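Heads up: the structure comes next, in structure tokens.
Residue numbers (my numbering): 516 to 610.
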């Protein structure tokens, strides 16, 4: 399966000034919280601080910690609606 180059993902999800764009779609995610995975949550906080304090900061827009998550599966998202419906059928456990 092809994935978009990082700069294209950036254009889909972020405005040039780093603000998030509306990104419609349905995905399956798992949230990383202090309660359900304290080790990963702490690691993500530390990594985020390191990035924020580095020259890379201008290239990233940070999620608030309460939004830390892992995308398990993209079902259908607005920018890729036409392409993803075939993938959904191909990888569906219900077909």
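Note that beta-carbon positions come from the ideal geometry of N, C-alpha and C, so glycine has one too. This one's a predicted model, so the numbers in the text were calculated from it and none came from an experiment.
For residue 626, which residues does DSSP report across the bridge? The first residue shown for the chain is 516 and the last is 610, placing residue 626 beyond what the model contains.
Quick check on DSSP: helix, strand or coil for residue 557? helix
Which whole-angstrom value is the C-beta distance of residue 545 and residue 585, which I expect to be below 8 Å? 5 Å
For residue 584, the residue or residues it bridges with in DSSP: 546
Given this structure, state the Cα-to-Cα distance separating residue 578 from residue 589, to the nearest angstrom. 19 Å
Apart from the five residues on each side of it in sequence, which residues of its chain come closer than 6 Å, Cβ to Cβ, to residue 519? With a pLDDT of 48 at residue 519, under the threshold of 50, the modelled position of that residue is not reliable, and the figure given next carries that caveat. Answer for residue 519: no residue qualifies.
Going by C-alpha distance, which of 583, 551, 543, 542 is nearest residue 562? 583
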